[in-house]
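Participant: Protein chains in written order, with the working numbering: chain A, 1 to 316; chain B, 1001 to 1316.
#1: Any C-beta of chain A sitting closer than 9 Å to the C-beta of residue 1302 (chain B)?
#2: Classify residue 1017 (chain B): buried if its beta carbon has 16 or more other beta carbons within 10 angstroms, exposed otherwise.
#3: Pull up the DSSP beta-bridge partners for residue 1097 (chain B), would you.
#4: Quick one: residues in its chain with C-beta nearer than 8 Å to the C-beta of residue 1166 (chain B), no 5 flanking neighbours on either side, listed in chain order?
#5: How would you write the range of the alpha helix (DSSP H) that residue 1230 (chain B) sits in, first residue to last?
#6: With distances taken from CA atoms, which of B:1182, B:1183, B:1122 is nearest residue 1073 (chain B)?
#7: Would you call residue 28 (chain A) buried or exposed, if buried means 16 or more other Cβ atoms sit within 10 Å of its Cβ?
#8: Of all the CB atoms in chain B, is at least one closer than 9 Å to the CB of residue 295 (chain A)?
#9: Within the 9 Å Cβ cut-off, does residue 1076 (chain B) reach chain A?
#10: As a quick exercise: from B:1104, B:1185, B:1227, B:1237, pick the residue whose alpha carbon is nearest that of residue 1140 (chain B).
#11: Classify residue 1037 (chain B) as helix, strand or coil using the three-state DSSP reduction.
#12: Please report the straight-line C-alpha distance between residue 1036 (chain B) and residue 231 (chain A), rounded to a whole angstrom.
#13: Just the Cα atoms here: how many angstroms apart are residue 1174 (chain B) and residue 1234 (chain B)?
#14: In chain order, what residues of the same chain have a beta carbon less than 8 Å from the beta carbon of residue 184 (chain A), not counting five sequence neighbours either side?
#15: Taking only the alpha-carbon atoms, compute the straight-line gap between residue 1311 (chain B) and residue 1304 (chain B) and give it to the nearest angstrom.
#16: When Cβ atoms are compared, which residues of the region 1037-1053 of chain B fall closer than 7 Å to chain A?
#17: In chain B, which residues lie less than 9 Å from residue 350 (chain A) when you measure between Cβ atoms?
#18: Beta-carbon separation of residue 1195 (chain B) and residue 1268 (chain B) under 9 Å?
#19: Could you name the residues of chain B that residue 145 (chain A) contacts, counting a contact when the two beta carbons are closer than 8 Å?
#20: Rounded to a whole number of angstroms, what is the C-alpha to C-alpha distance between residue 1003 (chain B) and residue 1145 (chain B)?
#21: So, residue 245 (chain A) versus residue 186 (chain A), is the Cβ gap smaller than 9 Å?
#22: Grab me the residues of residue 94 (chain A)'s own chain with a C-beta within less than 8 Å of its C-beta, minus the 5 sequence neighbours each way, in chain order.
#23: What residue range does the alpha helix (DSSP H) around residue 1105 (chain B) cover?
#24: One question on the structure: do residue 1182 (chain B) and residue 1143 (chain B) come within less than 9 Å of each other, judged by their Cβ atoms?
#25: Return the Cβ separation of residue 1223 (chain B) and residue 1275 (chain B) in integer angstroms, given the expectation that the two are a contact with Cβ distance under 8 Å.
#26: In terms of alpha-carbon separation, which member of A:64, A:56, A:302 lies closest to residue 14 (chain A)?
#27: Output the boundary residues of the beta strand (DSSP E) element that contains residue 1005 (chain B).
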C-alpha cells in the first residue's frame, strides 16, 4: 500500500490556496505551558474538511472534474465537497442519511449541491451507483490519498509557523486528518510527536494502535459520544498512515469535551463543535500523558447546535 | 492639531509584529453580498486594544519604558497594557473603577500588572498622580497618537489583504480605532469608505459628525447600551481624525447587536462581545445605508460574559 508523502502534501498546499484559509496559530496563555491553537473552525464551511475536498477536486483532470462529483456524508465533508464543487463551478451530488438534520441539508444545498437521502448503511453504495450512472467521480470523506494530502496541509503550516513544535494533538475518527498531519510533521519536524485524540466512547483507534491491527467497534457503540464527527473508523489506508506517523492516542471523557468547548469559547473566543474540542480536552485534562514543550491543538470544526453551546456555557 | 499619517501606522506595524496577531480576513457567505470579517477577538487578550498598547510601549525610549507604565480602564485596554508591559518585561499599574468585575481584575493581574481601584470619575486623575509619583508614563485608552497608530494597523492589513475593499465598518466609542483605520484606508484605498458604527443608545459621535462639532452625551445615557466597550466619547484628537477620515456613522439597536452576536457564533464560529458585534449588526440590518461592494466588518473583541452569550444563543 502506497502511503502519501510530504511531496503530496506540498502539492496539495499549492492547490488549495485561494480556496481554503491558511489559518494562523493562536498562542494561548491559559497556564505556564505553551499552547497554540490551529483554528480550522474558521475555514469556509467551518471545518478542516474543506482542505481535503478542495485538493481532491483540484487534483482531478479538468475534463473529469467538469462532469461533477458525488460524495456521501452527513457531516462537514458534505458541505466541504459542495463548497469545493462550487469553487470549481462543477455539479455535486451528496448522499446523506435518511432524516439528516434539515440545517445540514440546507447548508449543503446553499453551496449549490444536490442532496439525495438514503439509509445510513447504504449511503456509500448509493453514491457509487449514482457516480457510475452520471459518469462522475466519488470523493470519499477520508479513504483517499488526495483527501489525506489535503488535510495534511495543516501539518505543513504548523511546521512552517512553529518549527520548534514538540507535540501536535489531532482528533482521530476516519483518520484522514491524523494521517495527513502525521505525514507532514514526521517529514518536517522529526523530533515532534503527533498524538491522536478520541472520545473514550469511540476509542477504537486507540485500541487498534495498541493491538497493531484494526480492531472494529460496533457502530452503535461509537455513536454514543457527543462528538458526532468522531463516530467513524479508519480504513486500511488511513490505519497504515496512523501506524507509521502517530505516536499514540489519548482518550477523553464526554464531560472533558464539554469543558473544553467552554474554555475555547470563553478563553480563545472560538466556537468549537464537540469533535473540534477533543484536542483541547486532552491538553487540559491529560497533561501527564503528553510530552512537554510547545504544543499545537487542532480545533477541527465549529458547526455546533446553538442550544448545546448555550448549555455548555451555562454549566457549573 | 497634528493628525497621524500612514507613516505612523507603518511604523506601528513594524513595532507590533511578534506581539500582536496579524489577523486573517475571513470571507463569509451568508448571502450574495461580499463580506469579510477581521477577527480581532482572536488577539491575545481577546481584543484589538493590544495593537495600540503594544505600539505605545514600543515607541517609548527604552529608558523611559523600563520605569514602567500606568493606565486607566475597566475594559480591554487594561488587559492590553498589562499584556504589553509583560511582553516588554516592565511594570504596569492599572487604575480600575471601584467595584470593577473581579474577572476583569483577575485577567489584568494574570499578566503581572498591579491593579488599583478608584471612583469611576477619578480614574484618570489617580492614574496621572500615580504616574507622576512613580516617574512613569500614562498610556491612555485612545487619546494618544501612538495608540491611534497602533489601532490603524488593522486598516493597513485590510488594504494589503483586500485592496479592492469598498467599505470598512468599525465601531466608534473613544474613536481611536476608527481614527487609525480611517487614516490607513484613506491613504491606501482612496476609493473605499470607512463607516463608523454606534449603538443607538450611545450615538454621540453620529450626532457630533452631523453637527460638525463634538456634541456631548451624558455618561449615564451612554451607559445604557449592552455594548460596554462603546460607552466612551471621542477626544478632540480622535474627533479631528474622525472628521477627516470617516464617511458617516450607522447606528444599531440593542436587539440588532444581540442578533449579530448570535450570527457570529453560529455562522462565523466567533465569540464576539456586544461591542465587537456592532459592525456586523450594521451589515445585517442596515444594508440600505451602506455602499455596495466588498465590505470588511471589524469584530473588535470577544470578552463576553458566558451567561450573556448563552442567552443570545437561545433567543427566538
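The beta carbon of each residue, even a glycine, is placed where N, CA and C say it ideally should be.
Since this is a predicted model, take the numbers as computed values, not measurements.
Facilitator: Well, looking at it:
#1: The residue labelled residue 1302 (chain B) in the question sits at position 302 within the second chain. Yes, its Cβ sits closer than 9 Å to a Cβ of chain A.
#2: Against the second chain, residue 1017 (chain B) aligns to sequence position 17. Exposed.
#3: Here the question's residue 1097 (chain B) lines up with position 97 in the second chain. Beta-bridge pairing links residue 1097 (chain B) to B:1118.
#4: Counted from its first residue, the second chain places residue 1166 (chain B) at position 166. Excluding positions up to five away in sequence, the list reads 1191, 1192, 1193, 1291, 1292, 1293, 1294, 1295.
#5: For the purposes of this step, residue 1230 (chain B) is identified with residue 230 of the second chain, where counting begins at 1. Careful: residue 1230 (chain B) lies outside any alpha helix (DSSP H) and carries neither H nor E.
#6: Position 73 of the second chain, counted from the start, is the residue given in the question as residue 1073 (chain B). Cα-wise, what sits closest to residue 1073 (chain B) is B:1122.
#7: Counting from one through the first chain, the residue named residue 28 (chain A) turns up at place 28. Flag for residue 28 (chain A) reads buried.
#8: As a first step, residue 295 (chain A) is located in the first chain; it is residue number 295 there, counting from the start. Chain B, which has no Cβ nearer than 9 Å to the Cβ of residue 295 (chain A), makes this no.
#9: Here residue 1076 (chain B) refers to the residue found at position 76 of the second chain. With 9 Å as the cut-off, residue 1076 (chain B) does not count as an interface residue toward chain A.
#10: Looking up residue 1140 (chain B) in the second chain gives position 140. When each option's Cα is compared against that of residue 1140 (chain B), the closest is B:1237.
#11: Numbered from 1 along the second chain, position 37 holds the residue referred to as residue 1037 (chain B). Strand at residue 1037 (chain B).
#12: Indexing the second chain from 1 puts residue 1036 (chain B) at position 36. Indexing the first chain from 1 puts residue 231 (chain A) at position 231. Rounded to whole angstroms, residue 1036 (chain B) to residue 231 (chain A) spans 33 Å at the Cα level.
#13: On the second chain, residue 1174 (chain B) is found 174 positions in, with the first residue counted as 1. On the second chain, residue 1234 (chain B) is found 234 positions in, with the first residue counted as 1. Approximately 4 Å, taken between the alpha carbons.
#14: Position 184 of the first chain, counting from 1, holds the residue named residue 184 (chain A). Taken in chain order, the residues that qualify are 6, 9, 152, 153, 154, 155, 156, 158, 159.
#15: Locating residue 1311 (chain B) in the second chain gives position 311, where the first residue counts as 1. Locating residue 1304 (chain B) in the second chain gives position 304, where the first residue counts as 1. Roughly 12 Å separates the two Cα atoms.
#16: Taking 7 Å as the Cβ-Cβ cut-off, the region 1037-1053 of chain B approaches chain A at 1041, 1042, 1044, 1046, given in chain order.
#17: No answer is possible for residue 350 (chain A): it lies beyond the span of chain A, which begins at 1 and ends at 316.
#18: The sequence position of residue 1195 (chain B) within the second chain is 195, counting from 1. The sequence position of residue 1268 (chain B) within the second chain is 268, counting from 1. No, the pair does not count as a contact, with Cβ atoms beyond the cut-off.
#19: On the first chain, position 145 is the one that residue 145 (chain A) refers to. In chain order: nothing, as chain B lies at least about 28 Å away.
#20: As a first step, residue 1003 (chain B) is located in the second chain; it is residue number 3 there, counting from the start. As a first step, residue 1145 (chain B) is located in the second chain; it is residue number 145 there, counting from the start. C-alpha separation (whole angstroms): 8 Å.
#21: Locating residue 245 (chain A) in the first chain gives position 245, where the first residue counts as 1. Locating residue 186 (chain A) in the first chain gives position 186, where the first residue counts as 1. Cβ distance < 9 Å, so residue 245 (chain A) and residue 186 (chain A) count as in contact.
#22: Stepping through the first chain from its first residue, residue 94 (chain A) is reached at position 94. Excluding positions up to five away in sequence, the list reads 70, 71, 72, 73, 78, 81, 82, 108, 113, 114, 115, 116.
#23: In the second chain, the residue the question calls residue 1105 (chain B) occupies position 105. Residue 1105 (chain B) -> alpha helix (DSSP H) spans 1102-1110.
#24: One-based indexing of the second chain puts residue 1182 (chain B) at position 182. One-based indexing of the second chain puts residue 1143 (chain B) at position 143. Result no, Cβ atoms of residue 1182 (chain B) and residue 1143 (chain B) do not sit closer than 9 Å.
#25: Counting from 1 along the second chain, the entry for residue 1223 (chain B) is found at position 223. Counting from 1 along the second chain, the entry for residue 1275 (chain B) is found at position 275. Incorrect: roughly 13 Å between the Cβ atoms, too far for contact.
#26: Within the first chain, numbered from 1, the residue matching residue 14 (chain A) stands at position 14. Ranking the options by Cα distance to residue 14 (chain A), first place goes to A:56.
#27: Locating residue 1005 (chain B) in the second chain gives position 5, counting from the first residue. No beta strand (DSSP E) holds residue 1005 (chain B); DSSP gives it neither H nor E.
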